[in-house]
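**Q**
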Amino acid sequence: MESARFRFRDHLENGDRLEMDTSSEMSSVSSDADEDSEPESMTAKGIKRLCAELVELKSASDEEFYKNIYADYPVFLSIFEEAQVMESELRLLKSHILVEKQLVESLAGEIHLKLLSEENIDSIIEATFGDEESFISKLESHTDDLVEVLDTLLSEQRLDEALAVLEMEETAAQRIISEQEQDTDVLAFYNSLVSARKAMLVKKFTVLAENPRVNEPELLSALNGLCRLGESQLATQLLLRHYHSRMAKGIQRLQSSKSLPNDLYVKELSKFVFSVICQAAKCFTALYGEINPYALDLIEWAHEETGVFADSFNVYVKSVSETGGGLYMATESVDVAMIFCSLLESQRIVLRPCMMKHIRPTLKEVLEAQMRHFKRVIGIFTSCDTWALSRYLVSGILSDGFPHDGTWVDLEYCLLTNSGRKFITLLQAVIKDVYPLFALEMDSFIIEGLRNLFMEYISILEGAMTSRSDFPEGGGTTNNVAESILQQVSILLNISAVRHIFSSFLITVIHNTCPVNVKKATSYAVDCQQKQLDECILRVKETSDHLRSQFYQRVIERPVSVENSGIHIAESSIDEASGFTVDYDSPSLKFQVLFLELRKLEDFSEENAIEDSWLMDLLRDLIEAVFVSMSAAKDTWMAMGEDAEPKDVDNYKQLILDIQFLVEIARFEGCLSDDLLITAATLMSQLESKALSAGLDPER
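Just so you know, my numbering puts 209 at position 201 of the sequence shown, and the rest follows in order with no gaps.
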C-alpha cells in the first residue's frame, strides 16, 4: 500500500509537468486550421493513468478488507456463541435465584406461622387454667389472627401454606378441646371459621384439578391436598375424570385426523389409550400407594375406558373390512392392540379379558363376512376345473413359514386337481390371517369357519360328480360336470389329498396355539378345544366318505348304451326295453362296461402313480357296493310268485352269471377278499333256494 502511495505521488508530479509542458506547447502552436491532425493531449493520458492507479488501489484495498473480515469472522462467531451461552446461564441463574427466594420466603412464612400458632395455642391452653375471661379473650384474638392469615394465603393462591396452617390448627384444636372441660360459644365459633376456610381450600383444590390445562405435578399436588383434607373420594373422582377427559379428546383428535394411514391409526389409538391408563395408574399409586382402598375404582374405570377404546376399534375394523382391508387388517389390528394392552400387566392391570369381550362380536362378524367371500372365491375357481389330475411338489404347495406337523410333508408329490391346488393355497392364506384370533379364544369360530370352507368345496365337488344343479352359496356351475369314471376318480383322489392336508393344517395350528392360549387355562378349556377339533376332523372325514359313496352309487346307476360302451353285441341279443343283453350267455352290458372302465382306471393309475393301496381300497369298496345293489335285485327277483315264468328263469340265470362275473373281476383286479367270496356264495345260494322252491331247475 505504501509503494502504491509513492507511485501515486510520482504520477501526480509527472502529470503536473506534463500539463505544464502541454500548456506551453499549446500556447506556442499556431491556430492554423489546415493542419491534418492535432497531437494527442498529454493530459488525457495522465488522467487515464491516474484512473488505472485508482482502480488498482481500490482493488488492493478491497482485497485487504475482505481478508481481515475472513480472518476475524470465526473469532466473532465464537464470541457471539459465548455470549449466547452466558446469557442462557444468566437466565437460568436468575430463575434459580427466584426459586430459592420463593422457597426461603415460604419457609420463613411457615416457621413464623408455626411459631405464632404454637405461642398462641400455648397461651390459650395456659389460660384454661386461669379465669374464663382470659381464655375467651385469647381464643378470640387467635381466631382473628388465624382467619386473617388464612384469608391472605387463599387470596394469594398459596394453597400449600394454607393447608399447612389448617393441619396445625387441627392439632391445636384437639389440644384445646382436650384441656377445656366445657364447650363455649367462642370455641364453636372458632371451629366454624376453621371449617369454612377448609371448605374454601377444598374448593380451590377442586378448581385447580378440574382445570383442563393443569399439568401432572400440579394435578397430583391438588389431589394430595384434597386427601390431606380428608376428601380422598373426591380426589379419586377428579383424578379419573381428568384422565377420562384427556382420553376422550385424544380419541376425537385421532378420529378427525386425516394424515394417519389405516395401518398406523390403530397403533396410535392403542398407544394413546393404554398410555393414558398407564399414567392414571402411576398417578393413582403416587397418591395412595401400592395398596389402597380405592384400587377397585381404578380397575373399574380402566375397564370402562377399555370399552370406549373397543368402540372406536370396532368402528375401524368394520370400515377396513368393508373397504377391502379384509381379515388381514382386522387381525393385524388386534395383534397391535393386544401388545399395548399387555404392557399394563406389569402394573397389575389386566385388561385383555375385558377387551376380548368387547371386540370379539365384531371380529366374529368380520370373520363370517370374509368366509362368505372365500366361499364365492371357491365357487369361481372350482367352476373352471377340468378334473385333470396333476402332480404337485409338496414343497411348492407349502407356503414359506407356514406351520406343519410333518405328517404329509415328507411326501415328495401330491395329486391334486387345479381347484384342489387353489383351495390349499387359499386355506393357508386364511389360516395365516386368522392366526392372531386364537389369542382371543375364538378357536370355535375359526374351526367352524374353516370347516365350512371345506364343506363348501366338497359340496361343489359332489354337485360336479352327480350333475346336481342346486349348488350352494359358492356359486358353482354345471359347466364342469365330471362325466367319466376317470374324472370322478380324479375328484376322489383330489378330495382325499385335500382332506388329509386340511386335517394336518388344522391339527398343527391348534396345537401350536395351545401353549399361548392355555398357560392359565383350565383342563376343561383344553378338553373343549380338543373336542371341537376332533368333531371337525370327524365331520370332514364323514363328508369325504359320503362323496365316495356318491361315486359308487353314480357308477352303479350310470345309464349304459351300446353306442357309447365300445362293446360289439348283436342286435338280437339286446332288450329294447332295458338295453341289456338277453342271450344270457354273457354278463350284463353294464358289468362289461364296468370291467372296461376298471381296465382304463388301471392304466390311469399307472400314468399318475396312484398308490396301490388307495386304488385297491377303492375297487374293493366299489365291488362291495355293486354286490349290495345286486342283493336288492335278488330281493326283487325272489318276490315272484310260486308260478315261475320263462322270463324269471332267464333273470335267474343272468343274476348268477353277473355274480360270477363280478367275482372274476375282483380276482382279476387283485381285490378279491374272503368277505366278497362269502357274499357272492350267499347270494347264489339264496337264488338257488328260491329257484327250487318255485319249481325251477337251476341246472337246466
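Backbone N, C-alpha and C fix where the C-beta goes; we use that ideal spot for every residue, glycine too.
In the DSSP assignment, find the unbroken alpha helix (DSSP H) run with R261 in it and report its ends.
**A** If you number the sequence shown from 1, residue 261 lands on position 253. First-last of the alpha helix (DSSP H) with R261: 240-264.
**Q** Are F462 and V517 touching if we call contact CB-CB under 9 Å?
**A** Sequence index remark: in the sequence shown, residue 462 carries index 454 (1-based). Sequence index remark: in the sequence shown, residue 517 carries index 509 (1-based). Cβ distance not < 9 Å, so F462 and V517 don't count as in contact.
**Q** So, does the stretch 347-367 touch the stretch 313-323, judging by three or more C-beta pairs under 8 Å?
**A** The answer is yes - the stretch 313-323 touches the stretch 347-367, with three or more Cβ pairs under 8 Å.
**Q** With a 10 Å radius around its C-beta and 16 neighbouring C-beta atoms as the bar for buried, classify K53 as buried or exposed.
**A** Taking the sequence shown and counting its residues from 1, one reaches residue 53 at position 45. Exposed, because fewer than 16 other Cβ atoms sit within 10 Å of the Cβ of K53.
**Q** Just verifying my parser: in three-state terms, what is the DSSP assignment at I129?
**A** By one-based count along the sequence shown, residue 129 stands at place 121. For I129, the pLDDT reaches just 47, beneath the cut-off of 50, and the residue's location in the model is therefore unreliable, leaving the point undetermined.
**Q** By DSSP's criteria, L424 is part of a beta bridge. Which residues make up the other side?
**A** Here residue 424 refers to the residue found at position 416 of the sequence shown. Answer by DSSP bridge pairing, in chain order: S398.
**Q** Once you ignore the five residues that flank E95 on each side, which residues in its own chain have a CB closer than 7 Å to its CB?
**A** Sequence index remark: in the sequence shown, residue 95 carries index 87 (1-based). Within the same chain, E95 has no close Cβ partners at all.
**Q** Might you give, ordered along the chain, the residues of its own chain that have their beta carbon closer than 7 Å to the beta carbon of F431, omitting 5 neighbours on each side?
**A** Here the question's residue 431 lines up with position 423 in the sequence shown. Only I386, Y465, V506 meet the Cβ criterion.
**Q** Is DSSP giving D553 helix, strand or coil here?
**A** Residue numbering aside, residue 553 sits at position 545 when the sequence shown is read from its first letter. Reduced to three states, the DSSP call for D553 is helix.
**Q** Quick one: measure Cβ to Cβ for F599 and D658, integer angstroms, because I've assumed they're closer than 8 Å.
**A** Reading the sequence shown from its first residue, position 591 is the one you call residue 599. Reading the sequence shown from its first residue, position 650 is the one you call residue 658. That belief does not hold up - the Cβ atoms of F599 and D658 are roughly 16 Å apart, past 8 Å.
**Q** Could you name the residues of the same chain whose beta carbon sits closer than 6 Å to that of L246, not counting the 5 residues immediately before and after it, in chain order?
**A** For the purposes of this step, residue 246 is taken as the residue at position 238 of the sequence shown. Cβ within range, chain order: A217.
**Q** Answer yes or no: do Y421 and Y400 have a C-beta to C-beta separation smaller than 9 Å?
**A** Working through the sequence shown from its first residue, we reach residue 421 at position 413. Working through the sequence shown from its first residue, we reach residue 400 at position 392. Yes. Within cutoff.
**Q** Starting from R384, follow the alpha helix (DSSP H) in both directions and report where the run begins and ends.
**A** On the sequence shown, position 376 is the one that residue 384 refers to. First-last of the alpha helix (DSSP H) with R384: 360-390.
**Q** For T244 versus F292, is the C-beta spacing smaller than 9 Å?
**A** Along the sequence shown, one-based indexing puts residue 244 at 236. Along the sequence shown, one-based indexing puts residue 292 at 284. A contact, by the Cβ cut-off of 9 Å.
**Q** Leaving out five residues before and five after Q537 in sequence, what residues of the same chain have Cβ atoms less than 6 Å from its Cβ?
**A** Locating residue 537 in the sequence shown gives position 529, counting from the first residue. Counting only Cβ-Cβ distances below 6 Å, and skipping sequence neighbours, we find D451.
**Q** Which same chain residues end up closer than 8 Å to G258 when comparing Cβ atoms and leaving out the 5 residues on each side of it in sequence?
**A** Position 250 of the sequence shown, counting from 1, holds the residue named residue 258. Result list for G258: F280, V281, V284, in chain order.
**Q** Using the Cα positions of L228 and L161, report the straight-line distance between them to the nearest angstrom.
**A** In the sequence shown, the residue the question calls residue 228 occupies position 220. In the sequence shown, the residue the question calls residue 161 occupies position 153. The straight-line gap from Cα to Cα measures roughly 20 Å.
**Q** Going by Cα to Cα distance, which pick from R221, E169, T151 is closest to A196?
**A** As a first step, residue 196 must be located in the sequence shown, where it is residue number 188. Among R221, E169, T151, the Cα nearest to that of A196 belongs to T151.
**Q** Quick one: what does DSSP say C679 is sitting in, helix, strand or coil?
**A** Counting from 1 along the sequence shown, the entry for residue 679 is found at position 671. Note: C679 maps to coil in three-state DSSP.
**Q** Around the C-beta of S350, are 16 or more other C-beta atoms found within 10 angstroms, so that it is buried, or is it exposed?
**A** Stepping through the sequence shown from its first residue, residue 350 is reached at position 342. It is exposed - the Cβ of S350 has fewer than 16 other Cβ atoms within 10 Å.
**Q** What are the uninterrupted segments assigned as alpha helix (DSSP H) that are 4 or more residues long and contained completely in the stretch 272-347, given in chain order?
**A** Entirely contained in the stretch 272-347, the alpha helix (DSSP H) runs reaching 4 residues are, in chain order, 303-330.
**Q** Please state the DSSP three-state secondary structure of A172.
**A** Position 164 of the sequence shown, counting from 1, holds the residue named residue 172. Three-state result, A172: helix.
**Q** Can you find at least 3 beta carbon pairs, one from the stretch 617-625 and one from the stretch 688-703, that sit closer than 8 Å?
**A** The stretch 617-625, when compared against the stretch 688-703, does not touch it at the 8 Å Cβ threshold.
**Q** Check L237 in the structure and name its three-state DSSP category.
**A** Indexing the sequence shown from 1 puts residue 237 at position 229. It is coil, neither helix nor strand.
**Q** Around the C-beta of E470, are 16 or more other C-beta atoms found within 10 angstroms, so that it is buried, or is it exposed?
**A** As a first step, residue 470 must be located in the sequence shown, where it is residue number 462. Buried.
**Q** I need the straight-line Cα distance from L406 to F559, nearest angstrom please.
**A** Within the sequence shown, the letter at position 398 stands for residue 406. Within the sequence shown, the letter at position 551 stands for residue 559. Taking the straight line from one Cα to the other gives about 29 Å.
**Q** Tell me the rounded alpha-carbon separation between E64 and F84.
**A** As a position in the sequence shown, residue 64 is number 56, starting the count at 1. As a position in the sequence shown, residue 84 is number 76, starting the count at 1. E64 and F84: Cα-Cα distance of roughly 30 Å.
**Q** Using alpha carbons as the reference points, say which of S103, F510, Q540, S504 lies closest to R556.
**A** Here residue 556 is taken as the residue at index 548 of the sequence shown, counted from 1. Ranking S103, F510, Q540, S504 by Cα distance to R556 puts S504 first.
**Q** Looking only at C-alpha atoms, which of L352, G297, P301, R236 sits nearest to T314?
**A** Taking the sequence shown and counting its residues from 1, one reaches residue 314 at position 306. For the residues L352, G297, P301, R236, the minimum Cα distance to T314 belongs to L352.
**Q** D611 lies in the alpha helix (DSSP H); which residues open and close that run?
**A** Taking the first residue of the sequence shown as position 1, residue 611 is located at position 603. Note, D611: alpha helix (DSSP H), 597-616.
**Q** Could you round the C-beta distance between I714 and L670 to whole angstroms and report it? I think they count as a contact, below 8 Å.
**A** No information on residue 714 is available, as it lies outside the stretch 9 to 708 that the chain covers here.
**Q** Can the beta-carbon of A170 be found less than 9 Å from the beta-carbon of L209?
**A** Working through the sequence shown from its first residue, we reach residue 170 at position 162. Working through the sequence shown from its first residue, we reach residue 209 at position 201. Yes, they are a contact pair.
**Q** Is the distance from the Cβ of A289 to the Cβ of Q241 below 9 Å?
**A** The count along the sequence shown starts at 1 and reaches residue 289 at position 281. The count along the sequence shown starts at 1 and reaches residue 241 at position 233. No; because the gap between Cβ atoms is not below 9 Å, this pair is not in contact.
**Q** Distance check for S637 and V548, CA to CA, integer angstroms please.
**A** Taking the first residue of the sequence shown as position 1, residue 548 is located at position 540. Taking the first residue of the sequence shown as position 1, residue 637 is located at position 629. V548 and S637: Cα-Cα distance of roughly 27 Å.
**Q** Who are the near neighbours of L445 in its chain, counting only those whose CB is closer than 8 Å to its CB and skipping five residues on each side?
**A** As a first step, residue 445 is located in the sequence shown; it is residue number 437 there, counting from the start. These residues qualify, in order along the chain: T339, V342, L371, L375, F453, I454.
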